Amino acid sequence: MAKTTDRKKQEAQFKNKLRTMIGCVTHMQVVADQAMEMAGRFMTEEEADDSDALRVIENLSCVCEEALQVFYEELQKGTRLYERLCEDEPEVCSKLAEKAMRDL
């Protein structure tokens, strides 16, 4: 019995971590995109070409987009990620999938 309870607790913690990770990745992509937009307003083209920080920000935005795409594809396939996130809260998953589609 203790093993089952421990497993359920671990699964609940895992679900929470996945939700947190999805939120963090989405937030990070928004911040990166905002930073690139701001840089575009004050940097000259030459400064932007020479900016290592701007290149890293662009790469970060792309990585975030790819990560969200993977999460979205997992949700669409109904794989274990989908099951873990949506087992008890299907309405949350529907909203998450809709948001992912809008963000992509």
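When we follow my numbering, the leftmost residue of the sequence shown carries the number 1, and every step to the right adds one.
Even glycine gets a Cβ: it sits at the ideal position worked out from N, Cα and C.
Source: prediction; values computed, not measured.
1) On the three-state DSSP scale, how would you describe T20?
2) Would Q29 and S61 qualify as a contact pair, given that the criterion is a beta-carbon distance under 9 Å?
3) What is the DSSP secondary structure of S61, reduced to helix, strand or coil?
4) State the Cα-Cα distance for the pair V63 and Q69, rounded to the nearest angstrom.
5) Under three-state DSSP, which class holds E91?
6) What number of angstroms, rounded off, separates the C-alpha of M38 from the C-alpha of G23?
7) What is the DSSP secondary structure of T44, counted as helix, strand or coil?
8) Tell me which residues share the same chain as E11 and place their Cβ nearer than 6 Å to its Cβ, disregarding the 5 neighbours each side in the sequence.
9) Shortest alpha-carbon distance to E65 belongs to which of D6, L18, D33, R41?
According to the data block:
1) Note: T20 maps to helix in three-state DSSP.
2) A contact, by the Cβ cut-off of 9 Å.
3) Residue state, collapsed to three classes: helix.
4) So the two alpha carbons sit approximately 10 Å from each other.
5) In the three-state reduction of the DSSP assignment, E91 falls in the helix class.
6) Cα to Cα, the separation comes out at about 23 Å.
7) Secondary structure of T44 (DSSP, three-state): coil.
8) In the same chain as E11, and ignoring 5 residues on each side of it, no C-beta atom comes closer than 6 Å to its own.
9) Sorting D6, L18, D33, R41 by C-alpha distance to the C-alpha of E65 places D33 at the top.
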